[in-house]
Amino acid sequence: MNPKQPALKKTKEVEVVDEEEGKKSKSGPELLRGFRDILPEEQGRWSFVRDTVRSLAQAYTFDRIDLPILERSDLFQRTIGKGTDIIEKEMYVFTDPSNRSVALRPEATASAARAYIEHGMLDRPQPVKLWYLGPMFRHDRPQAGRFRQFYQAGFEVFGGEEPIIDAQLILIGKKIFETLGIDVQVQINSIGTPECRQAYLTELVSYFRQFRNKLPDDDKRRLQKNPLRILDSKEEVTLGLLEGAPQILDWLDEKSKEHFMKTLEFLDEVEVPYVLNPYLVRGLDYYTHTVFEFLSAQDEGDKAQTALGGGGRYDGLVGLLGGRPTPACGFALGIDRIARALADKNINPPPFPQPQVFFAQLGDAARRVGLRLYEEFRVAGVPVAEAAGKNALKSQLEVANKLGVKLTLILGQKEVLDGTIIIRDMESGAQETIDSKKIVSIVQRKLGGDAGVVAATHSPVADS
RNA sequence: GCGGCCAUGGUGAAACGGUUAUCACAGCAGGUUGUGGUCCUGUCGUUACGGGUUCGAUUCCCGUUGGCCGCCCCA
Numbered sequence: 019m020n021p022k023q024p025a026l027k028k029t030k031e032v033e034v035v036d037e038e039e040g041k042k043s044k045s046g047p048e049l050l051r052g053f054r055d056i057l058p059e060e061q062g063r064w065s066f067v068r069d070t071v072r073s074l075a076q077a078y079t080f081d082r083i084d085l086p087i088l089e090r091s092d093l094f095q096r097t098i099g100k101g102t103d104i105i106e107k108e109m110y111v112f113t114d115p116s117n118r119s120v121a122l123r124p125e126a127t128a129s130a131a132r133a134y135i136e137h138g139m140l141d142r143p144q145p146v147k148l149w150y151l152g153p154m155f156r157h158d159r160p161q162a163g164r165f166r167q168f169y170q171a172g173f174e175v176f177g178g179e180e181p182i183i184d185a186q187l188i189l190i191g192k193k194i195f196e197t198l199g200i201d202v203q204v205q206i207n208s209i210g211t212p213e214c215r216q217a218y219l220t221e222l223v224s225y226f227r228q229f230r231n232k233l234p235d236d237d238k239r240r241l242q243k244n245p246l247r248i249l250d251s252k253e254e255v256t257l258g259l260l261e262g263a264p265q266i267l268d269w270l271d272e273k274s275k276e277h278f279m280k281t282l283e284f285l286d287e288v289e290v291p292y293v294l295n296p297y298l299v300r301g302l303d304y305y306t307h308t309v310f311e312f313l314s315a316q317d318e319g320d321k322a323q324t325a326l327g328g329g330g331r332y333d334g335l336v337g338l339l340g341g342r343p344t345p346a347c348g349f350a351l352g353i354d355r356i357a358r359a360l361a362d363k364n365i366n367p368p369p370f371p372q373p374q375v376f377f378a379q380l381g382d383a384a385r386r387v388g389l390r391l392y393e394e395f396r397v398a399g400v401p402v403a404e405a406a407g408k409n410a411l412k413s414q415l416e417v418a419n420k421l422g423v424k425l426t427l428i429l430g431q432k433e434v435l436d437g438t439i440i441i442r443d444m445e446s447g448a449q450e451t452i453d454s455k456k457i458v459s460i461v462q463r464k465l466g467g468d469a470g471v472v473a474a475t476h477s478p479v480a481d482s
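Numbering (our numbering), first residue to last: 19 to 482.
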């Protein structure tokens, strides 16, 4: 294969040139830590997840919104909370060429709130229901089901304070998992308003202060930094102490209590089972009232990476960002983890429809005619596979065989001259030569209903 | 960010101080002229990278990078 030689040489040269910065010399290109490629063979599962999210979003009349991946870094610093890990050590923050501090979004709720304010969505009929899907970035230590670039689908409702909104969001999440065939447990809690939470925190801290010397280091640190987190400690000692600790539900004001009770009632109404988890707290500062998580029901016991989604109410967020105070509620789903859960459960979504027809050509005259034929088939909605780079008929048939097509069309010099084409049934090996003008309709007839299947199922929308 | 385990071709494995690193699958090229699914042959790796110990290293040591697991945290 002569033509390959120069190409190879060229890539080598390029590599050498690229070396100036890094020390890595002869090793190939490498993925950045925590980043990954989602390969064609995983796309079936991913599309299944994305399509399910999309269709339920539409069914519940949410409007799609696409938000930028890069935002001013203070958007996240102000909303997520200065003390949180996300802001303190996980955010990709850098200075852009115009010397502005920007960040790769670690989540999208803040962006959605920003968009809501910036585009005056408060002038639209409330509540405004938005959904999105896209990559998020956190510089966390990678682990199974945890990547530095990961995908989230999110649902946000702005401008509604009714508990029915909380309940419906939970229902939507639950339905998405149901459709996908994944069992999840809904855990729910209320952390009330910032005011009653503050009162509770004071109480909680003073409770644990008595046992300060007994506490493990991790929990001492939490007590200092983010006392609420002590609630989901895994330490034996702390778990024991927790039993006597004040419970947040007892500290909720009347309004918060009512909101929570109503949310639960609505959930009962639509028969969404939930587990009341008084220790459930979330990592972002902006939450108020209802918080919830979707946990993989699979492997209880060890809690690692089983949170497939979570969310809650964030009534203060829009106001915090300078908008008119607007109640809001939402949740996000971890697409990577869901895709992984499907793989673990061996749930294989309907595969991408494979082409049923293969086109084999011999010589340039046939290639030329083939190019035109290919268009005819495309217009007729019949996808045709080919191996245009190959010359020998034998190797083209090998490919056709591997693809498992029903029919192979063979076009050589002779057929081009005669205006015919050979159609070969791959199963029986039977061949017939037919008028090339009739080929599309004959193929359609031979494929019966199958040909049309192809177009429908998966719609490749960029990034969604 | 902390701790532990690991790293052999595209994939899955073998060799575990000693001659040209073995096997399977996949890929590519062939087994004469225009016909697939079997078969045969060839080809595909500076054993992740860098350094050290040694007469000699895939095998031992150190560093880097990456993966996995636990913690932290989160989706």
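Even for Gly, the Cβ is constructed at its ideal location relative to N, Cα and C. As the structure is a computational prediction, the values presented were derived from the model and not from experiment.
{"Check": "Between the C-alpha atoms of Phe377 and Leu88, what's the straight-line distance to the nearest angstrom?", "Outcome": "45 Å"}
{"Check": "Could you give the distance in angstroms between the alpha-carbon of Met139 and the alpha-carbon of Arg72?", "Outcome": "22 Å"}
{"Check": "What's the call for Phe112, buried or exposed, on a 16-neighbour Cβ count within 10 Å?", "Outcome": "exposed"}
{"Check": "How long is the line joining the alpha carbons of Lys275 and Pro143, rounded to whole angstroms?", "Outcome": "28 Å"}
{"Check": "Hey, how far is the Cα of Arg463 from the Cα of Asn419?", "Outcome": "21 Å"}
{"Check": "When you compare each of Arg386, Leu465, Asp436, Thr451 to Ala398 by their alpha carbons, which one comes out closest?", "Outcome": "Leu465"}
{"Check": "Would you check if the stretch 129 to 137 and the stretch 156 to 168 touch, i.e. whether three or more CB-CB distances between them fall below 8 Å?", "Outcome": "no"}
{"Check": "Considering only the alpha carbon of each residue, which of Asp362, Pro373, Lys408, Asp286 lies closest to Gly381?", "Outcome": "Lys408"}
{"Check": "Taking Cβ positions, are Phe310 and Gly341 nearer each other than 9 Å?", "Outcome": "no"}
{"Check": "With a cut-off of 8 Å on the beta carbons, I'd call Gln170 and Phe53 a contact; round off their distance for me.", "Outcome": "Their Cβ separation, rounded to whole angstroms, is 16 Å, which puts Gln170 and Phe53 out of contact at 8 Å."}
{"Check": "Would you report the Cα separation of Ile365 and Gly199, rounded to the nearest angstrom?", "Outcome": "8 Å"}
{"Check": "Less than 7 Å between C-beta atoms, sequence neighbours within five positions excluded: which residues of the same chain meet that for Leu222?", "Outcome": "Pro245, Ala263, Pro264"}
{"Check": "Evaluate the contact criterion for the stretch 60 to 67 versus the stretch 292 to 304: three or more CB pairs, one atom per stretch, below 8 Å.", "Outcome": "no"}
{"Check": "State buried or exposed for Leu57, treating a residue as buried only when at least 16 other CB atoms are found within 10 Å of its CB.", "Outcome": "exposed"}
{"Check": "Going by beta carbon distance, what residues of the same chain come within less than 8 Å of Leu326, once the five residues before and after it are set aside?", "Outcome": "Phe195, Ile200, Val202, Phe312, Leu313, Ser314, Leu351, Gly352, Arg355, Ile356, Ala359"}
{"Check": "May I have the straight-line CA-CA distance separating Ala483 from Gly430, to the nearest angstrom?", "Outcome": "Coverage of the chain is limited to positions 19 through 482, which leaves residue 483 absent and any answer about it impossible."}
{"Check": "By alpha-carbon positions, which one of Lys243, Gly210, Gln216, Leu257 ends up nearest to Phe229?", "Outcome": "Leu257"}
{"Check": "So, do the stretch 212 to 221 and the stretch 170 to 180 have three or more beta carbon pairs nearer to each other than 8 Å?", "Outcome": "no"}
{"Check": "Contact check, Ile206 vs Thr308 under 8 Å by CB: the rounded distance?", "Outcome": "7 Å"}
{"Check": "Ignore the nearest five residues each way along the sequence and tell me which others in Val375's own chain have a CB closer than 8 Å to its CB.", "Outcome": "Phe395, Val400, Pro401, Val402, Ala403, Val423, Lys424, Leu425, Thr426, Leu427, Val461, Leu465"}
{"Check": "So the beta strand (DSSP E) Gln144 belongs to, where does it begin and stop?", "Outcome": "No beta strand (DSSP E) holds Gln144; DSSP gives it neither H nor E."}
{"Check": "Measuring alpha carbon to alpha carbon, tell me which residue in Tyr332, Arg240, Asp184 is nearest Met279.", "Outcome": "Asp184"}
{"Check": "Roughly how many whole angstroms lie between the Cα atoms of Ser413 and Leu421?", "Outcome": "12 Å"}
{"Check": "Hey, would you say Trp149 sits closer than 9 Å to Phe173, going by beta carbons?", "Outcome": "yes"}
{"Check": "Can you tell me where the beta strand (DSSP E) with His307 in it begins and where it stops?", "Outcome": "306 to 314"}
{"Check": "Quick one: grab the DSSP three-state call for Val204.", "Outcome": "strand"}
{"Check": "Put Ala404 into one of helix, strand or coil per three-state DSSP.", "Outcome": "Ala is not the amino acid found at residue 404; the sequence shown has Glu there. Reduced to three states, the DSSP call for Glu404 is strand."}
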